[in-house]
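Numbering (the UniProt record's numbering), first residue to last: 1 to 95.
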């Protein structure tokens with residue numbers, strides 16, 4: 001669930017300050033793959049930044065990218081926000 005925590009924290013830190021609420025959606029496929037989405041009300045896209053080994057911020061997307069099979073972004077119609085998503089494979093012991 002570290003991926004969900006990172007995406008939610010990123011949305012709270014950046015998007016909710018401008019446009020209020022965020023929404024977290026979690027789902028599992030038949031093969032136990034986790035699909036997670038975080039929706040917020042700002043059209044600003046998150047950007048993968050170089051990791052600063054001293055800073056406590058700025059590495060959430062790097063962590064999500066590392067943990068996930070894939071991740072990305074879907075803009076919402078009319079520039080009303082976005083959905084950031086990640087697909088995470090199950091741990092071998094959970095299969």
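Glycine residues also receive a C-beta, built at the ideal position from the N, C-alpha and C atoms.
Note down the Cα distance separating residue 62 from residue 39, rounded to an integer number of angstroms. 19 angstroms
Just checking my contact of residue 26 with residue 11 at CB under 8 angstroms: how many whole Å lie between their CB atoms? Their Cβ separation, rounded to whole angstroms, is 14 angstroms, which puts residue 26 and residue 11 out of contact at 8 angstroms.
Whole-angstrom Cβ separation of residue 9 and residue 68, contact assumed at under 8 angstroms? About 16 angstroms; that fails the 8 angstroms criterion.
Does the Cβ-Cβ distance between residue 15 and residue 42 come in under 7 angstroms? yes
Neighbourhood of residue 21 by C-beta, 8 angstroms cutoff - its chain only, sequence neighbours within 5 removed: 40, 41
Tell me the rounded alpha-carbon separation between residue 45 and residue 35. 20 angstroms
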